[in-house]
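Straight run, no breaks: the sequence shown in this note's numbering ends on number 471.
The structure appears right after this line, and notes come after that.
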Amino acid sequence: MWSKIKGFPVPISIKLTFLYTAILSLILLFTSSLTVAGLYYVLYDQAVADIDLSVDTLSRHIASGEPVDQRLLKENLLLPGIILRISDEQNHLLVDSAPHMLSNQAVVEKAEIEHDPLNPALLLNTPLRILHLNDMYFYYATTHVSYNSHTYQLQIIKTMAAEKSFLKTLIQGLFLTTALGLLIAILAGMFISRKTLQPLRTIITTAKEIEINDLGKRIPLSSSKDELHELAATFNHMLNRIQTGFEQQQRFVADASHELRTPITVISGYADMLDRWGKQDGAALTEGIEAIKSEAANMHNLIEKLLFLARTDQNKQILTKEALSMQPLLEEIFQETCLIASQHQVLLTENQPASILADAAALKQMLRIFIENSIKYTPDDGCITLASQKINNHLEITITDTGIGIPEKEQAKIFDRFYRVDSSRSKTTGGTGLGLSIAHWIAAQHDAAIHVASVPGQGTTITLRFPVVS
């Protein structure tokens, strides 16, 4: 049964309401109990004090030699609510302030003795009892006073009807006000909690409406800068990242499919040609084999780059960094460029010594990517210039070409995957649009800043700025 109750879905607003109601109930119960107990103590303590004061006043009055008869009542010696009866040695009633009531003896005989744990009269010298008779409560005290060989018995009764009625009314009033307060607290708590948690329900509704093909929905932000506002803003930020990643993934898959489709189509076409009539034609056979080998190499290159980027996305591409002297490395890159770009003029204008914290293989790969792009987009007899200069605590490596350049509006996009300024250029250059993405990732892993300066028709300068190490 309890497991079924626990499994029943209960809204947070109801849970919070009942929690606050329970706390408020305990607080009201405690304060009400403390109030009633305090008033009970004060009222009954006052009654005991009235009796004790009356006994003391009467004793001194009798001891002063004043006559003990009904005239004593005119002296205003009794406090309000006090009933006095005085008897002599022969038990003759001398003074009776309430002749209409039962005699003190009858009250004592018929009443039940109550035990009051809060009664402070135990600290007084006057013997005192609490009597209960017909829904009436009395404080009853007896004492003896001697004067001139006469002994008088004083019987004093303090009625507690008014105090009992007041406490009863107070308890009823506290119960009603507490119940009303709890009802108001429940209603107000449910309203306030629902109002407060409305952004949370909006988040839930929006999350349910979001599908993989509809990532454009966002949670409206409230004007209050509270935790729910922060949660909604964080959720929207997460949706932006998911949407961006999903769109990049879709574009990546589409571009990869497009890039792979071309070599596969070429290979399939040449294979069909060779199968039909290329076997008897030596020139066609040679052309088909070379084309297939070239396209296979392009596919291998593309797949390697895709795998590299996939490893970077999964944080599995590991770089081993150590202090690396850049002067000999740049000299090596320069010699390689001279060999592969014999139709261009390659210059190393400056190569200052400096060391950076880097992975040598990754750094070579990055520099080769930038140089290969310069070679691809620089006409024959164009100039490619390398330079390395130490400026303060940084090393700047520049790669400058006299190629076709990049339009200014396209410069911010050249590091996007599969992005090419002019897709028609790939037909002659054979690029896939992945090299600069790889170079950008390698630069980021080495805390290097990349600056692109290019003028269409005049050339491009790539500046790499690395922090140096001692």
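Every residue gets a Cβ at the ideal spot worked out from N, C-alpha and C, and that includes glycine.
What separation, rounded to the nearest whole angstrom, lies between the Cα atoms of residue 372 and residue 342? Straight-line Cα distance between these residues: approximately 10 Å.
Can you have a look at residue 394 and say buried or exposed, based on whether 16 or more other CB atoms are within 10 angstroms of its CB? Of the other Cβ atoms in all chains shown, fewer than 16 fall within 10 Å of the Cβ of residue 394; this residue is therefore exposed.
Can you tell me where the alpha helix (DSSP H) with residue 467 in it begins and where it stops? Looking at the DSSP string, residue 467 is not in any alpha helix (DSSP H); the run it does join, the beta strand (DSSP E), is 460-468.
Sequence-distant residues of the same chain with beta carbon closer than 8 Å to residue 191, five excluded per side: Answer for residue 191: 14, 15, 18, listed in chain order.
Could you check which residue in 333, 253, 359, 37 has the C-alpha nearest to that of residue 310? Shortest Cα-Cα distance from residue 310 to any of 333, 253, 359, 37 involves 253.
Verify whether the separation of the beta carbon atoms of residue 337 and residue 349 is less than 9 Å. In terms of Cβ geometry, residue 337 and residue 349 do not form a close pair [threshold 9 Å].
If you draw a straight line from the alpha carbon of residue 344 to that of residue 380, how long is it in whole angstroms? Computed Cα separation, rounded: 9 Å.
Between the Cα of residue 167 and those of 458, 43, 359, 255, spot the shortest distance and give me the residue it belongs to. Nearest option by C-alpha distance: 43.
Ranges of the alpha helix (DSSP H) found wholly within the region 159-235, counting only runs of at least 4: If we require 4 residues or more, the alpha helix (DSSP H) runs fully inside the region 159-235 come out as 162-197, 199-210.
Taking the beta strand (DSSP E) that residue 83 belongs to, which residues open and close that run? Element bounds for residue 83: 83-88.
Roughly how many angstroms lie between the CA atoms of residue 74 and residue 96, to the nearest whole one? Cα-Cα distance, rounded: 8 Å.
Following the continuous beta strand (DSSP E) through residue 402, name the residue where it begins and the one where it ends. 395-402 is the span of the beta strand (DSSP E), which, as asked, contains residue 402.
Is the beta carbon of residue 153 less than 9 Å from the beta carbon of residue 63? Contact: yes.
Let me know the secondary structure DSSP gives residue 276 once reduced to three states. Annotated three-state conformation of residue 276 is helix, per DSSP.
If we call anything under 9 Å between Cβ atoms a contact, is residue 367 one with residue 304? For residue 367 and residue 304, no; Cβs fall outside 9 Å.
What does the Cβ neighbour count give for residue 458, buried or exposed, with the cut at 16 atoms within 10 Å? Under this definition residue 458 is an exposed residue.
What is the DSSP secondary structure of residue 145, counted as helix, strand or coil? Residue 145: strand per DSSP, three-state reduction.
Do you know offhand how far residue 419's Cα is from residue 437's? In a straight line, the C-alpha of residue 419 is about 9 Å away from that of residue 437.
Could you give the residue range of the beta strand (DSSP E) that holds residue 54? From DSSP, residue 54 is part of no beta strand (DSSP E) but of the alpha helix (DSSP H) over 13-64.
Would you mind working out which of 296, 298, 271 sits nearest residue 285, comparing C-alpha positions? Among 296, 298, 271, the Cα nearest to that of residue 285 is on 271.
Check residue 360 in the structure and name its three-state DSSP category. Three-state result, residue 360: coil.
What residues in its chain sit with their C-beta under 8 Å from that of residue 55, if we drop five residues either side in the sequence? Excluding sequence neighbours, residue 55 sits near 78, 79, 80, 83, 85, 157.
Taking 9 Å as the threshold (C-beta atoms), are residue 312 and residue 397 in contact? Result no, Cβ atoms of residue 397 and residue 312 do not sit closer than 9 Å.
Can you name the start and end residues of the alpha helix (DSSP H) that residue 301 belongs to? 283-314 is the extent of the alpha helix (DSSP H) around residue 301.
Quick one: grab the DSSP three-state call for residue 324. Strand, per DSSP.
To the nearest angstrom, report how far apart residue 328 and residue 246 are at their CA atoms. Residue 328 and residue 246: Cα-Cα distance of roughly 39 Å.
Is the beta carbon of residue 417 closer than 9 Å to that of residue 375? Taking C-beta atoms as the reference points, residue 375 and residue 417 fail to come closer than 9 Å.
I need the straight-line Cα distance from residue 32 to residue 172, nearest angstrom please. Their backbone Cα atoms lie some 12 Å apart in a straight line.
From the DSSP output, which residues share a beta bridge with residue 266? Looking at the DSSP assignment, residue 266 forms no beta bridge with any residue, so it has no partner.
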